Structure formats: structure tokens, C-alpha cells
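One structure is given below, encoded as C-alpha cells.
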Ligand SMILES: N[C@@H](CCC(=O)N[C@@H](CS)C(=O)NCC(=O)O)C(=O)O
């Protein structure tokens, strides 16, 4: 059985938990990360020298980076609905996953650490304002894209891009800050709600 190392509160672990549910794979999860076993322990560092969760262990195969793990799980289960085989369709899904992991994630980090985590190291009002602005701008871009497709991020069907961006959209919606009204993002979260795993791993009260 596969092992997933990482605390259930982590947004990156939650991506993998939702992906595991979507593909119907059996797994055991172990609590690692801040508040649990330290990722600095040699046992963990031997699996991921980056000292970050999640890590997936599948037999003698070890993988880290949440989006890569999601892609591996879809490939392993031959789920071309989640990650298409056709080059262009696949590139569209991967583009949005990469955008989430880079542009979108960079934009929210400061604001989230300040507003939700109340981090003392993130209380500069100018940096906070800049982060909120950039986060909202990125979400506006997502809203525009969802307006175009009228359904999911990569088009008419649910894909891995919706796993990673569904979690991101929920975090944005749950963070108490000034937010523009983004009806397509709100409708998107409502559209995702019936999926197995959504209530448990996404809309579970943890931003
Ligand atoms: N790019 C990595 C980021 C992983 C990451 O930031 N993990 C955080 C939790 S969300 C972490 O491990 N923090 C250290 C800890 O909890 O010990 C991924 O997507 O997997």
C-alpha cells in the first residue's frame, strides 16, 4: 500500500489526498510536518532532502512535490480524464498546474502568513497590501478563464488542474481580506462540491 507522509492540514498534502480519492487508490497517511514529526528527522530527509511534505512512497519509488505526485497518481491509474495523453490537451492542464505552483502561490504567501497564520515575520503593511493585490489580480485571471470555459480550468472536463486550483480558490475565498466579487470562482467551487473528497479535503474549514 502507498504511504503518504504529511499532515492533513497542509494544502499541498490535501491536493494529494484529493487526487488519491479521485483515482481510488489505497494509502496510509502519516503525520509529518510542523506540529507533528519533524521533517528534519534523518528518516524524513532520506526521502526528501527538501524537508517538505507531502512525500509519496510507492514500493521502492519515492516522490515529492505535490503537483508531481498528483500527475504520478493519474498516470499510474491511467486516468487520462485527469491528465490527458494528447499533447496539447495535456499541456493545457499542466500549464494551469504550473501557474498555480508558481505565480499564484507566490502571490498569496505573504498575505496568508500575515492574515491567517498571524506570523510576526509578515506584518509589513506595504508588503501585505502588495500581496493581497497580486493575489486578487491572479484570482481575477482565474475568474476570466472560468468564465471562458463555463466549467473547469482546462475546459469542459474535470482534471488535475481543478484539484490544485480548487484548493487555491477555496483558500482565497476563506481568507478574511478585501476581495473583489468573482462570480465564476464562486460558481466553480459550487461545481466542485459534489466531487468525492471535496468536503473532506478541500472545503473542510481549513483555508
Ligand atoms: N512545492 C512543495 C511545497 C510543499 C510545502 O510548502 N509544504 C509545507 C506544508 S504546506 C511544509 O512541508 N512545511 C514544512 C513543515 O510542515 O514541516 C509542494 O508543492 O509539494
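Residue numbers (our numbering): 5 to 211. Positions of the beta carbon are idealized from the N, C-alpha and C atoms, including for glycine. Note that the coordinates shown come from a computational prediction; the quantities given were computed from them, not determined experimentally.
As assigned by DSSP and simplified to three states, the class of residue i
i, result
"residue 162", "coil"
"residue 62", "strand"
"residue 76", "helix"
"residue 87", "coil"
"residue 117", "helix"
"residue 41", "strand"
"residue 67", "strand"
"residue 51", "coil"
"residue 7", "strand"
"residue 156", "coil"
"residue 126", "helix"
Beta-carbon proximity check, residue i vs residue j, cutoff 9 Å
i, j, result
"residue 158", "residue 203", "no"
"residue 88", "residue 70", "no"
"residue 200", "residue 25", "yes"
"residue 33", "residue 8", "yes"
"residue 146", "residue 125", "no"
"residue 23", "residue 119", "no"
"residue 182", "residue 143", "no"
"residue 139", "residue 115", "yes"
"residue 135", "residue 103", "no"
Integer Cβ distance of residue i from residue j, believed to fall under 8 Å
i, j, result
"residue 40", "residue 11", "5 Å"
"residue 77", "residue 27", "5 Å"
"residue 205", "residue 86", "Not quite, the Cβ-Cβ distance comes to about 15 Å (not below 8 Å), so this is no contact."
Span of the alpha helix (DSSP H) around residue i
i, result
"residue 196", "187 to 196"
"residue 33", "Run containing residue 33: none in the alpha helix (DSSP H); it sits in the beta strand (DSSP E), 31 to 34."
"residue 146", "129 to 153"
"residue 206", "No alpha helix (DSSP H) contains residue 206, which DSSP labels as neither H nor E."
"residue 183", "Note, residue 183: premise wrong, no alpha helix (DSSP H); not H, not E."
"residue 25", "15 to 27"
Cβ neighbour criterion (16 or more within 10 Å) applied to residue i
i, result
"residue 38", "exposed"
"residue 5", "exposed"
"residue 50", "exposed"
"residue 64", "exposed"
"residue 131", "exposed"
"residue 165", "buried"
Handout entry: Residues with C-beta closer than 5 Å to any heavy atom of ligand 3, in chain order
Key = Looking for ligand 3 in the displayed structure turns up nothing; the ligands present are ligand 1.
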